Each structure stands twice: as structure tokens, then as C-alpha cells.
Amino acid sequence: MKKFLPKWFHLNLIHILAWSVFISYETVVAGLAFGLWAHPLTYFIHYSINIIFFYTFGNKLFPWAFEKKSYAIWRLLGVVAFGMLSFIILNFSSDFILIKLRFIHDKTKLQIEQKYVTRVLYRGVYFLIYSLAYYLLMSYLNARKRAEQSENLRLNGIIAEEKMKKQLSRAQNMFLKAQINPHFLFNTLDYIHHHVRGLSQEAGDAIISLSEMMRYAIDADQDEVFILLGKEIEQVEKLLGLYQLRQNYGLNIEIYFSQSVYGMKFIPLVLMTLTENMFKHGNILDEDTKALIAVYSDDSSLYIKTRNKINWSNAHTSSGKGLQNIRERLVYSYGSNVAFDYQGTDDGCFEVNIQLPLAAIDSVWSV
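Numbering-wise, the working numbering comes out as the position in the sequence shown, counting from 1, plus 48.
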């Protein structure tokens, strides 16, 4: 309540000042000109009736009367008749009570007769005209505000459209660059392959494998939502071959891909990312701990599992964003029934376990 009153006064400050000036002007002029002074309670009650009458018409009855143009004249006559009758009754009732309580000293008996009704009606019409002017002013201001808001929305729409056009143009340029850069890279790799193949068959084969993996990654990222899991397994095997060549075939790793998974439809770059993470953050050369990449299925689920010794010299550089990205992509593509867990083990290894219901994978085929 303490916070409400200051806020209310702030919002209605102009109204309060206007009524204060108007009431002061009327009471002082009437008092000085005609010697008509009344008790403060009399002023308070009658001006309260006037103010209520003013805002009831300005905020409620006039808007209702002019809401539908076809009935406006009849509604207006109805609310004016009702309002004036109510105004007379309220004034008569308040005068009757004030006389009984001796706040008004009138030697004549109070009656609803022509002179009294005419005086009250004059007062009612007086405030009714002010109320109508207030309603018309507020209607104009509200209409202008709505027009300004519409114009602002239109201008904001134009600005947003221009930004969108610029972003689209920038995206088109980036897309064209993305098309040019891979083709330039592939042509370069092809050139190197032809020059290296005569010197080293293994180096030439490695360049071809690298080129095919990069083409697969780029094409999968730009074009395909789902691929056959067998296609990605093929790229993983090429990636493992490159690392074996780099490490002089010293990798201590076991791979297992069951035949049942090759024909499954799957989102691309999951296995590639998991495999790359193993080499980036793991120690695959540890002779005592064999790394593992396994993809297999049973009657109800597909399982993907990786396990590797942690390379503690690189562990602090891992943010986990790659794994988090995989989780979000799997949930987005296959639903919330995806089980995705990764953790360090007591023997210094890092494990990733993924389980997807076959029903979720099969449903992709119907999309």
C-alpha cells in the first residue's frame, strides 16, 4: 500500500493538479463573488460526486456508447439519461444527509422540484461536456499512440528485413567460399598425391584417405541429415589407418563393428568425433591398456562404446563441448530416450557409452 500510493499519485499527477486548480477556482470565486461559503465536508462530497460522474462517462460510458456506430445515438441517449438521473439522485441524497447533519443550513424544505432539478441538471451538463471533451482528447491521443506504434513496428520490420538481407548475402558469400575452399584443398591434395605416389605408396594412399575423409565430413555437414552407419565406419577405419601409419603401426587399439549396424541410418560425424577425441586426449600407445571402439546392437538397442587411457598432458585442454554437442544432436534426432554417459574410471581410463533404442533409429527411415 505504501508503494502503491506514491506510484498512483505519480501516474495521476496532472489530473490531481487540474482538479485542485479547478476546485480552488470555483470555491474562491463563488465565495468572493456571491458570499457563498460551505462546510469543507460539503465541498468534499459534492466534488467527489462530480469527479466520479466525470470519469465514469469519460472512461466507461462514452467508450461503450461509441463502440458500435450503428447503435451509437441510442446508446448515447441511454447513458446520458441514466447518468443525469443518477447525478440528480446522488446530489439530492447527499444534500438531504448534509442538512440532517446540519452541515448545510437551508431554511427552505429540500424537495425535488423544478428549481432544484434545473440547478443540478445544469451542473450535470456542465461536467458532461467536460467529460465528453476528455473522452475525445483521450481517444485522439490513443489513436495517435497506436499509429506511432504501428509506424515503429513497420520501421522495425524494414530494419529487420534489411538486416536479414545483409545476413543472407553474407551467408551466401560464406557458402560460396566454403564451396571454393574445399575444392581448392581437394585439388591440392590430388596434386600432392600424384607427386608423392611415385616416392611412397603408403604416403600416396594416406593422402587419398585423408582427402576422402575430408570430403565425407564436408558433404555430411552440408548435405546429409542421416547417413548409413556403414559409411561412417569406413571413414573411421581410414582415420585409424592414418594414425597407425603416423605411429608406425604402434597403436594399441581394438575395434569391433558388428555386421548388424552397417545398414542402420544414423546422424553423421558421431563416430568420427569420438575417434578423433580418443587420439586427441587419450594415450593410444599405452602397451598395458588397450583402447577400444565398439559399435554393435541387440534386439532392442544400438550401442556405441569407446575406451582409452587418459593422456594427462592433454587432459586440461578438453572442454567437453564436443561430447556435449554429440549428446544434443542425438537427443534432437532420436528423442529423449537416448542414453549418453561419459566418465573417467579408477584405472585412469576414459569411457563413452551411448545406447539408442532401435525403434527410434527405425523411425528415421519413415521420415
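All residues carry an ideal CB built from backbone N, CA and C; glycine is no exception. All values reported here derive from a predicted model rather than from experimental measurement.
Unbroken beta strand (DSSP E) run spanning residue i, endpoints
i, result
"I301", "301-305"
"I341", "339-345"
"Q159", "Q159 -> no beta strand (DSSP E), and no H or E assigned at all."
"N401", "397-405"
"F388", "387-392"
"L350", "349-358"
Span of the alpha helix (DSSP H) around residue i
i, result
"G131", "120-148"
"S96", "88-104"
"Y380", "369-382"
"G311", "Element bounds for G311: n/a, residue is neither H nor E."
"N416", "No statement about residue 416 is possible, as the shown extent of the chain runs from 49 to 415 and does not include it."
"V284", "277-294"
"E110", "The displayed chain sequence assigns Phe, not Glu, to residue 110. Residues 110-113."
Selection from the options that minimises the alpha carbon distance to residue i
i, options, result
"I100", "S179, S308, I341", "S179"
"I275", "Q292, L317, G289", "L317"
"R123", "L290, F110, F135, L133", "F110"
"I332", "G368, Y291, L169", "Y291"
"Y95", "I62, G311, A208, L138", "L138"
"L146", "T166, A86, G172", "A86"
"E335", "T323, A113, G298, G79", "G298"
"A339", "V127, V400, D389, R294", "V400"
Residue j beta carbon less than 8 Å from that of residue i
i, j, result
"I281", "V343", "yes"
"S142", "I97", "yes"
"F102", "F175", "yes"
"V284", "L319", "yes"
"I341", "T354", "yes"
"I315", "S381", "yes"
"L84", "M132", "no"
"I152", "T90", "yes"
"L350", "M312", "yes"
"M326", "N296", "no"
"I160", "F144", "no"
Separation of residue j from residue i, as counted between CA atoms
i, j, result
"S306", "S345", "7 Å"
"F135", "S118", "27 Å"
"K116", "L189", "20 Å"
"I358", "G396", "6 Å"
"F92", "R150", "15 Å"
"V309", "I352", "10 Å"
"P405", "R377", "15 Å"
"F223", "K214", "Model confidence at F223 stands at a pLDDT of 45, short of 50, so the residue's coordinates are unreliable; what they give is reported in the following sentence. Approximately 14 Å between the Cα atoms of the pair."
"K193", "V77", "38 Å"
"F57", "W67", "13 Å"
"Q227", "T393", "Because the pLDDT of Q227 is 47, which lies under 50, any placement of that residue in the model is unreliable, and the number read from its coordinates should be weighed accordingly. Each residue's Cα considered, the two are about 43 Å apart."
"D347", "V379", "21 Å"
"N107", "I177", "14 Å"
"G368", "K328", "12 Å"
"G278", "F398", "25 Å"
"K225", "D410", "Caution applies to K225, whose pLDDT of 48 falls short of 50 and renders its modelled position unreliable; the value that the coordinates give is listed next. When rounded, the distance between both Cα atoms is 36 Å."
"A120", "T166", "27 Å"
"A387", "I374", "12 Å"
"E470", "E210", "The structure shown does not extend to residue 470, since the chain spans only 49 to 415, so no value can be given for it."
"L371", "L201", "42 Å"
"F232", "L203", "Below a pLDDT of 50, predicted positions are generally treated as unreliable, and F232, at 47, falls in that range; the measurement from the model is reported next regardless. So the two alpha carbons sit approximately 43 Å from each other."
"L65", "Y182", "15 Å"
"G330", "I207", "50 Å"
"T104", "K55", "22 Å"
"I62", "A191", "20 Å"
"V173", "G126", "15 Å"
"R294", "I402", "29 Å"
"S187", "G205", "27 Å"
"L184", "A113", "13 Å"
"S198", "N60", "26 Å"
"G289", "T337", "20 Å"
"K163", "R171", "13 Å"
"E324", "I303", "14 Å"
"Q391", "S361", "18 Å"
"K148", "P88", "16 Å"
Distance cut-off 7 Å: residue i Cβ against heavy atoms of the ligand FAD
i, result
"S134", "Ligands are entirely absent from the displayed structure, and the ligand FAD is therefore not among its contents."
Would you list, in sequence order, the uninterrupted beta strand (DSSP E) runs of no fewer than 3 residues that lie entirely inside the stretch 50-81?
none
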